[in-house]
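Novice: In the UniProt record's numbering, the protein residues as written are 1 to 75. Shown below is the structure under consideration.
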């Protein structure tokens with residue numbers, strides 16, 4: 001999955017759960033430019049960041065990475 005798609009999944013989950021992206025990133029101790037960097041730069045997320053986001057957003061890492069379309073699978 002391309003990084004842009006990872007960013008879109010994070011964004012969609014935040015909207016679905018009525019969470020501000022900035023608040024989610026702050027709670028996960030991730031730079032506030034993280035989503036922008038995924039979308040516009042050639043930056044790949046670390047495993048640690050994906051795990052933190054998946055835990056906070058209550059979804060699987062596989063969902064964030066595009067390995068499944070079901071956010072709850074393998075959780």
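C-beta: ideal position from N, C-alpha, C; glycine also. This structure is a prediction, so every number in the text was calculated from the model and none was measured.
So the candidates are 70, 28, 69; which of them puts its Cα closest to the Cα of residue 51?
Specialist: Nearest option by C-alpha distance: 28.
Novice: Quick check for students: name the residue ranges of the alpha helix (DSSP H) that lie wholly in the UniProt domain "HTH cro/C1-type" (10-64), counting only runs of 4 or more.
Specialist: The qualifying runs are 21-27, 34-40, 47-57, 61-64.
Novice: Could you check how far apart the C-beta atoms of residue 64 and residue 54 are, in whole angstroms? I think they sit under 8 Å.
Specialist: Correct: roughly 5 Å between the Cβ atoms.
Novice: With 16 other CB atoms within 10 Å as the buried threshold, where does residue 14 fall?
Specialist: It is buried - the Cβ of residue 14 has at least 16 other Cβ atoms within 10 Å.
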